[in-house]
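Peer 1: Residue 270 in the working numbering sits at position 36 of the sequence shown, with consecutive numbering throughout. Glycine included, each C-beta is placed from N, C-alpha and C at the ideal position. On a predicted model such as this, the values are computed, not experimentally measured, just so you know.
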Amino acid sequence: MIAARNALHGPLPSEILHDPALGILLQLFVASSGDQYLSLSQLSERTNVSRSVALRWLKVLEYAGTVSINDETADNPTPSLSAQGVDEMNAAMSAVINSQITLHGQHDDQRTAEKSVRSVT
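1) Considering only the beta carbon of each residue, do residue 287 and residue 295 sit closer than 8 Å?
2) Express the C-alpha separation of residue 293 and residue 308 in angstroms, rounding to a whole number.
3) Return the chain-ordered ranges of every beta strand (DSSP E) run that is complete within the region 297-331 and spans a minimum of 3 residues.
4) By DSSP, does residue 276 sit in helix, in strand, or in coil?
5) Contact check, residue 273 vs residue 310 under 8 Å by CB: the rounded distance?
6) Would you check if the distance between the CB atom of residue 318 and the CB atom of residue 339 is smaller than 8 Å?
7) Would residue 283 pass as a contact of residue 254 if the rule is Cβ separation under 8 Å?
Here is the structure:
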């Protein structure tokens, strides 16, 4: 999803694609998959938002139960997905994958139908 979102930044104006919360969640999800941790600075850099914007969104996500912020009093806290956040991101990834399977399956079915129609005519 990160690569797909990044690919849109060339053809479309970046201003209309900016979603800090989703970017944060995706980065934390990738980090959690590899048992890695990102500092606020690293997260800010990877999502292309200021530290203050990243921290504001992290607090919103923490309130929702999706993110845990370790050592909030530190200058460079380390956020991570909570157990709930991991479950939600796994569900989100499954939903995206299933939507693509459905989309491509429909196209395959449509192409097969078109070929059948052409062979009859």
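Peer 2: Considering the structure as presented:
1) No, the pair does not count as a contact, with Cβ atoms beyond the cut-off.
2) 14 Å
3) Listed in chain order, they are 301-304 and 312-315.
4) helix
5) 5 Å
6) no
7) yes
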